Each structure stands twice: as C-alpha cells, then as structure tokens.
C-alpha cells in the first residue's frame, strides 16, 4: 500500500531516526519527506508537507477495484457437486465450495 512518511528533522521527542527506520520497514513507502526546521508538534504548519501530501494523493490514490461477480448456473453447481438423479445414498457428504453438504 502506498505510504508517505513525513517527519520533522528538528523533532526531539520522536527523533528523525525513528522516521528513517519506519521508512526502511515500510514496503509500500514512497520517497519520504524530511522537513527541516520542523519539530514534533508543528509538522502540519509546513507548506512543504501540504504540497507533498497533495502530490502524493493525486498520484497514488486509486478508486477501489471493481469486483467481477460470477453468476453460477445450476449446471455449474451440479458439475461441482456431481449430483445425479440415480444417487440414492442420502448420507453421502459432498464438498461444495469448501463446505460439506449432504
């Protein structure tokens, strides 16, 4: 999953080393944003952050994937279960889509 990691270089509470370690551990991370002259509680005041976030969202955001729904016909189900009209063993258990049915 695309991830933008931004960190204030002057942060003395959660140091930049933590941001760098997080970047190394995050497989979906894009190029990180290290903001100079920003500490722990003023990251959101940086115009650099907002420009980069806008760019990140415009580039990385995608609409959810549309799932293709498959409609199973009775013929498909009968072939999967292998039902036949001459099957008189009512106690026989068949596996249907990972579930046991009688």
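In our numbering, the protein residues as written are 68 to 169. Glycine residues also receive a C-beta, built at the ideal position from the N, C-alpha and C atoms. Quantities reported herein were computed from a predicted structural model and do not represent experimental measurements.
A distance below 7 Å between beta-carbons, with the five flanking residues on each side excluded, links residue 110 to the following residues of its chain, in chain order: 73, 75, 102, 116. In the three-state DSSP reduction, residue 72 falls in the coil class, being neither helix nor strand. Within its own chain, the residues whose Cβ lies closer than 6 Å to the Cβ of residue 78, once the five positions on either side in sequence are excluded, are 106, 107, listed in chain order.
Residue 70 and residue 104 have their alpha carbons spaced roughly 23 Å apart. DSSP links residue 101 through a beta bridge to 74. It is roughly 22 Å from the alpha-carbon of residue 95 to the alpha-carbon of residue 81. Residue 118 and residue 87 have their C-alpha atoms roughly 21 Å apart.
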